[in-house]
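K.L.:
Line by line, the protein sequences are chains A and B.
For the first sequence, the numbering used here assigns the number 165 to the initial residue and increments by one for each residue that follows.
For the second sequence, the numbering used here assigns the number -17 to the initial residue and increments by one for each residue that follows.
Just so you know, even glycine gets a beta-carbon here, dropped at the ideal spot from N, CA and C.
Fair warning: this is a prediction, and the values are worked out from it, not measured in the lab.
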Amino acid sequence: MLLCCIADDAAGNILVSSALVNCSQTLPSFTAQRLAFHKFEREINENFGIEYIDHPWLKPVRFPQNRATGQSTIANYPFFRIESEELHEVGVGPIHAGVIEPGHFRFICNGEQILHLEIQLGYQHRGIESLFLEKKKLLQRTTLAESIAGDTVAGHTTAFVNLWETLCGYEADEDLQFTRTLALELERIAIHTGDLSAICTDIAYQLGSSVFGRLRTPVINYFQSWCGNRFAKSLIRAGQNHFPFNETLAEQLLKMLDAFEPDFDEMWAEFHTLPSALSRLEKTGVVTKEQVSNIGTVGMAARMSSISRDIRATHPHDLYPTLAHEPIIKHHGDVYSRTHIRYDEIKQSISYIRRLLEKIPPENKDRKALKKPAANAFSISLTEGWRGEICHCAITDERGELVHYKVKDTSFHNWLALALAVRNNEISDFPVSNKSFDLSYCGHDL
Amino acid sequence: MIDNLKILLHQGKQYIPDVTTAKVPDVFRGRPIIHPGKVDEKELVELCPTGAISASPLRIDLGKCTFCGECAFACPEKISFTTDHKIATNDRQRLVIVEGDDSHIKLNPDLIRAEISSYFSGSLKLRQVSAGGDNSCEWELNACGNVNFDMGRFGIEFVASPRHADGIVITGPITENMAALLQICYDATPDPKIIILAGTDAISGGIFEDSPALDRRFLDKKQVDLYVPGNPVHPLTFINGVLELIRRRK
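#1: Per DSSP, which one or two residues make a beta bridge with residue 14(B)?
#2: Ordered along the chain, which non-local residues of its own chain (more than five positions away) have a Cβ less than 7 Å from that of residue 227(B)?
#3: Between the region 285 to 302 of chain A and chain B, which residues of the former have a C-beta closer than 7 Å to a C-beta of the latter?
#4: For chain B, check one thing: does any of its Cβ atoms lie closer than 8 Å to the Cβ of residue 324(A)?
#5: For residue 370(A), which of helix, strand or coil comes out of DSSP?
#6: Which residues in chain B sit within 8 Å of residue 391(A), going by Cβ to Cβ distance?
#7: Could you check what DSSP says for residue 107(B) in three-state terms: helix, strand or coil?
#8: Give the residues from the region 143 to 166 of chain B that approach chain A closer than 9 Å (Cβ to any Cβ), ordered along the chain.
#9: Assuming contact is defined by CB atoms lying nearer than 8 Å, are residue 524(A) and residue 421(A) in contact in what I supplied?
#10: Taking C-beta pairs closer than 7 Å, name the residues in chain B that residue 315(A) reaches, listed in chain order.
#11: CB residue 213(A) to CB residue 237(A), shorter than 8 Å?
#12: Quick check on this structure: which residue in 136(B), 123(B), 175(B) has the alpha carbon closest to the alpha carbon of residue 213(B)?
#13: Could you compute how far the alpha carbon of residue 454(A) sits from the alpha carbon of residue 324(A)?
#14: CA-CA distance, residue 428(A) and residue 596(A)?
#15: If you draw a straight line from the alpha carbon of residue 386(A) to that of residue 136(B), how long is it in whole angstroms?
#16: What's the gap between the Cα of residue 578(A) and the Cα of residue 607(A)?
#17: Thinking C-alpha only, which one of 361(A), 479(A), 452(A), 481(A) is nearest residue 467(A)?
#18: When the Cα of residue 147(B) is compared with those of 182(B), 127(B), 102(B), which residue comes out closest?
#19: With contact counted as at least three CB pairs below 8 Å, one residue from each stretch, are the region 588 to 602 of chain A and the region 338 to 352 of chain A in contact?
#20: Determine, using beta carbons only, whether residue 389(A) and residue 9(B) come nearer to each other than 8 Å.
#21: Counting along the chain, where does the beta strand (DSSP E) carrying residue 572(A) start and finish?
#22: Taking any Cβ of chain A, which residues in the region 102 to 113 of chain B have a Cβ under 7 Å from it, in chain order?
#23: Where does residue 404(A) fall in DSSP's three states?
#24: Since residue 268(A) and residue 284(A) should fall inside the 8 Å C-beta cutoff, what is the C-beta to C-beta distance between them, to a whole number of angstroms?
#25: Please confirm whether residue 265(A) and residue 115(B) have their CB atoms less than 8 Å apart.
#26: What residue does the beta strand (DSSP E) around residue 543(A) start on, and which one ends it?
#27: Would you list the residues sitting across from residue 50(B) in a DSSP beta bridge?
#28: Answer yes or no: does any C-beta atom of chain A fall closer than 8 Å to that of residue 190(B)?
#29: What is the C-beta distance between residue 180(B) and residue 157(B), in whole angstroms, given that I count them as a contact (C-beta under 8 Å)?
#30: Pairs of beta-carbons, one from the region 293 to 308 of chain A and one from the region 161 to 169 of chain B, closer than 8 Å: are there three or more?
#31: Could you list which residues in chain B have their beta carbon closer than 7 Å to that of residue 311(A), in chain order?
#32: Any idea which residues DSSP pairs residue 71(B) with across the strands?
#33: In or out: residue 360(A) buried (at least 16 other Cβ within 10 Å) or exposed?
#34: How would you write the range of the beta strand (DSSP E) that residue 181(A) sits in, first residue to last?
#35: What residues in the region 424 to 440 of chain A have a beta carbon less than 9 Å from any beta carbon of chain B?
#36: On the three-pair Cβ rule with 8 Å, is the region 543 to 558 of chain A touching the region 307 to 319 of chain A?
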């Protein structure tokens, strides 16, 4: 069965259609009409062997261990090539210069100028979706959700627990929702601040790199004082809360934010008016509104180019309905837009956290136990992580056991935007463009 | 210029003066202690998501533990986690905590190769390879070099090329798709070289241990010089572990 789910942002619902197909069938592709489908159809082809007659770019996605296209291996990916005396190819990765995840970038360049970039992923594939079915204990599945992308623990774990509670017919108490909402906003502040530091590093701006880098520390250390882990692992659990929030924690958090904000604002004021920094950020790595709309990017990678796409506003979960979120939109689609959006979102998250702290829901000490997941159910969960939309889906059989689990990280949509952003840029601008997207390798490769 | 100086002034002193004595908050889960007393061991074994707990006698393998703390929530009288973050060792067996053991985890000097302190005690350059790491250990290894932890003051640094490195630090459970590349990177590092496994996923595979998408054969015939447990590793665990490994011994 082929299920297609499309979120209708205007109506705030999700449209689902289904069709029965035979894996040996050959199908016409949607991609031929709408580019946004290209990755999904490539994934269906790779996982199940369904052939598409008119797919323009039917290439491997991540070389999963159980792929239907068994003859292809990660070492013989079919790169796009241009035969020319004038052009040359540059290969970067899979192991990169910094301490980051692996992925391969293949550039076709004319001198210093990039004509084309192809991004090959899959090195991080750990078989997460299969493991969701094989590991039967809820704690194992929660641990898996926490490990999909270790920089988005709150994002993916919230997506998982909301999905699981829905399957079990469980309505989360307000204190659970509070924990999730607060963790998501804190994670956004932490990673955005770290990314501002990394953007400064990539343009060799030492002061910004050090100051934003150290400003991230109190935020993740706050997670450590709350739940014992700097990345919020073990904080979010389905139908449970080991680390109830209280007045003392609220006081600590306000103290941390009060100290964070002036230093952060001061550094930003210096950085975003510095001509030598701006000259590296403005008009670098531009993706137009039209391109973004064709690719179907989500999260920051949509909001940077005038497209308002934010699950917190269109499909609000947990305590977001009470915050009446208004997405922050930028219009130039360049590295600067992607940098500025981070500053604005950090400020917005801080104000949301201050509002959340005005009314801390008491811990429910008499929580109901989780039931077994419903039989023959289909459930879908959307969460706005710091990168953007995260989607988890599950299908159960007649005994309520998982028969299918699907994870879609924000990055699955967005990698193509990076490939288009760097066209006609100098290759030396690639690192800062890449960092301004900060996409996930493991979230994509699963 | 004046603005820059003001910013510097407002930052104050950010570095941790002595990383060997730095403390973490009480809720942090470091080295666990298994207390004496009767308990349903089977229940605890069953509870653990990664099979880190085994019975008779009850023990926890920190090479498999995700430090989720669920065992301590279920049986707080039996298992408690201390804030002791110095849990790196070169002896795989030492990562197994048995009932009643409340001693510090130390390196086994007999397992440290002679060339390590003579070559690396003043300077150690490392090449990091993420082989299925979830990017939390990678962030923490980067944090080791930030102005707070400032690992560079000890001459320990991550470098871009394996040719410039004295060893490799592996994160992640080692995926099949990274296995060949990890080998190439290791081979490109000049001798003598060390291997550090950072994080539970790297040490045992963690939650991914039995996934068919892994290929951990790289580790089969290699001596691992340092195991750094954690999910992810804490910068203090990593830095203190490496300092212990490379320090001169009389």
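P.N.:
Taking the structure as given:
#1: Here residue 14(B) corresponds to residue number 32 of the second sequence, with the count starting at 1. Answer is 63(B).
#2: Taking the first residue of the second sequence as 1, we reach residue 227(B) at position 245. Result list for residue 227(B): 72, 89, 94, 98, 207, 208, in chain order.
#3: 286, 287, 288, 289, 290, 291, 295, 301
#4: Here residue 324(A) refers to the residue found at position 160 when the first sequence is read from its first residue. Cβ-Cβ to chain B under 8 Å: no for residue 324(A).
#5: Numbered from 1 along the first sequence, position 206 holds the residue referred to as residue 370(A). In the structure shown, residue 370(A) sits in a helix (DSSP, three-state: H, G or I).
#6: The count along the first sequence starts at 1 and reaches residue 391(A) at position 227. Ordered by position in chain B, the residues that pass the 8 Å Cβ test against residue 391(A) are 9.
#7: Residue mapping note: residue 107(B) aligns to position 125 of the second sequence, counting from 1. The answer is strand: DSSP assigns residue 107(B) an E or B state.
#8: 143, 144, 151, 153, 154, 155, 157, 158, 159, 160, 162, 163, 164, 166
#9: The sequence position of residue 524(A) within the first sequence is 360, counting from 1. The sequence position of residue 421(A) within the first sequence is 257, counting from 1. Going by C-beta atoms, residue 524(A) is not nearer than 8 Å to residue 421(A).
#10: Residue numbering aside, residue 315(A) sits at position 151 when the first sequence is read from its first letter. Those are 117, 118, 121, listed as they occur along chain B.
#11: Here the question's residue 213(A) lines up with position 49 in the first sequence. Here the question's residue 237(A) lines up with position 73 in the first sequence. Taking 8 Å as the Cβ cut-off, residue 213(A) and residue 237(A) do not qualify as a contacting pair.
#12: Numbered from its first residue, the second sequence carries residue 213(B) at position 231. Ranking 136(B), 123(B), 175(B) by Cα distance to residue 213(B) puts 123(B) first.
#13: For this step, residue 454(A) is matched to residue 290 along the first sequence. For this step, residue 324(A) is matched to residue 160 along the first sequence. Looking at the two C-alpha atoms, the distance is approximately 32 Å.
#14: Here residue 428(A) refers to the residue found at position 264 of the first sequence. Here residue 596(A) refers to the residue found at position 432 of the first sequence. Those two C-alpha atoms are separated by around 21 Å.
#15: Here residue 386(A) refers to the residue found at position 222 of the first sequence. Here residue 136(B) refers to the residue found at position 154 of the second sequence. Cα to Cα, the separation comes out at about 27 Å.
#16: Mapped onto the first sequence, residue 578(A) falls at position 414. Mapped onto the first sequence, residue 607(A) falls at position 443. C-alpha separation (whole angstroms): 12 Å.
#17: In the first sequence, counting from the first residue as 1, residue 467(A) sits at position 303. The candidate whose alpha carbon is nearest that of residue 467(A) is 452(A).
#18: As a working mapping, residue 147(B) is identified with position 165 in the second sequence. Residue 147(B) has its Cα closest to that of 102(B), out of 182(B), 127(B), 102(B).
#19: no
#20: By one-based count along the first sequence, residue 389(A) stands at place 225. By one-based count along the second sequence, residue 9(B) stands at place 27. In this structure, residue 9(B) lies closer than 8 Å to residue 389(A) by Cβ.
#21: Position 408 of the first sequence, counted from the start, is the residue given in the question as residue 572(A). Residue 572(A) -> beta strand (DSSP E) spans 566 to 572.
#22: 110, 111, 112
#23: For the purposes of this step, residue 404(A) is taken as residue 240 along the first sequence, with counting starting at 1. It is a strand residue.
#24: The residue labelled residue 268(A) in the question sits at position 104 within the first sequence. The residue labelled residue 284(A) in the question sits at position 120 within the first sequence. Going by Cβ atoms, the distance from residue 268(A) to residue 284(A) rounds to 4 Å, so yes, they are a contact pair.
#25: Position 101 of the first sequence, counted from the first residue, corresponds to residue 265(A). Position 133 of the second sequence, counted from the first residue, corresponds to residue 115(B). Result yes, Cβ atoms of residue 265(A) and residue 115(B) sit closer than 8 Å.
#26: Here residue 543(A) refers to the residue found at position 379 when the first sequence is read from its first residue. Its beta strand (DSSP E) spans residues 542 to 548.
#27: The residue given as residue 50(B) occupies position 68 in the second sequence. Partner(s): none; residue 50(B) has no beta bridge.
#28: Translated into positions along the second sequence, residue 190(B) becomes position 208. Taking Cβ atoms only, chain A reaches closer than 8 Å to residue 190(B), which makes this a yes.
#29: As a working mapping, residue 180(B) is identified with position 198 in the second sequence. As a working mapping, residue 157(B) is identified with position 175 in the second sequence. Contact doesn't hold; Cβ gap of about 16 Å is too wide.
#30: no
#31: The sequence position of residue 311(A) within the first sequence is 147, counting from 1. Those within 7 Å of residue 311(A) in chain B are 116, 189.
#32: The sequence position of residue 71(B) within the second sequence is 89, counting from 1. BP columns for residue 71(B) point to 209(B).
#33: Within the first sequence, residue 360(A) is the residue found at index 196, counting from 1. Buried, because 16 or more other Cβ atoms sit within 10 Å of the Cβ of residue 360(A).
#34: Working through the first sequence from its first residue, we reach residue 181(A) at position 17. Unbroken beta strand (DSSP E) run through residue 181(A): 177 to 183.
#35: 426, 427, 430, 431, 433, 434
#36: yes
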